[in-house]
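Take a look at the structure below.
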Amino acid sequence: MLTNCFINIPLSSYNKNNQAVIGVGRVIQMKYRAHTDTRLCVRGQFVPPEKLKKRFFSCYHYLKHDYGKLSKVNILFDLYFWRRKVRKENLTNHFF
1 MLTNCFINIP
11 LSSYNKNNQA
21 VIGVGRVIQM
31 KYRAHTDTRL
41 CVRGQFVPPE
51 KLKKRFFSCY
61 HYLKHDYGKL
71 SKVNILFDLY
81 FWRRKVRKEN
91 LTNHFF
């Protein structure tokens, strides 16, 4: 259901304040793992490709959340990159 959706991902290790540099990645496969790994975590903010095509700034506003300035810039550039790729490859997700 979430294949081809976009999500915030950590690009660095979390510091003592539980903050990391954040970017945007595309879900290519979903797997379940019984063991949890606390080194990398996500907040679960997904954006479907159809919405990214039509409402870029709405998606940016949704994903930038309360992150630091560097993360907000990363998210903006990552979303722009993914939007171009979505348009070029016509990525879709039929569940949203």
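By UniProt numbering, the letter at position 83 of the sequence shown is numbered 83, and the numbering carries on one by one without gaps.
Beta carbons: idealized from backbone N, C-alpha and C, even for Gly.
An exposed status is given to L70, since fewer than 16 other beta-carbon atoms sit within 10 Å of its beta-carbon.
The Cβ neighbour count for N8, taken over all protein chains shown within 10 Å, is at least 16; the residue is labelled buried. N74 is classed as buried because its beta carbon has at least 16 other beta carbons within 10 Å across all chains shown. According to DSSP, F6 shares a beta bridge with R26 and V47. In the three-state scheme derived from DSSP, where H, G and I count as helix and E and B as strand, K69 is classed as helix.
Here DSSP, grouped into helix, strand and coil, assigns L79 to helix. K64: member of the alpha helix (DSSP H) spanning F56 to K64, first to last residue. Comparing C-alpha distances from Q29 to each of F6, N18, K85 and C59 shows the shortest one belongs to F6.
Scanning I22, P48, F56 and Y60 for the CA closest to the CA of L91 turns up P48.
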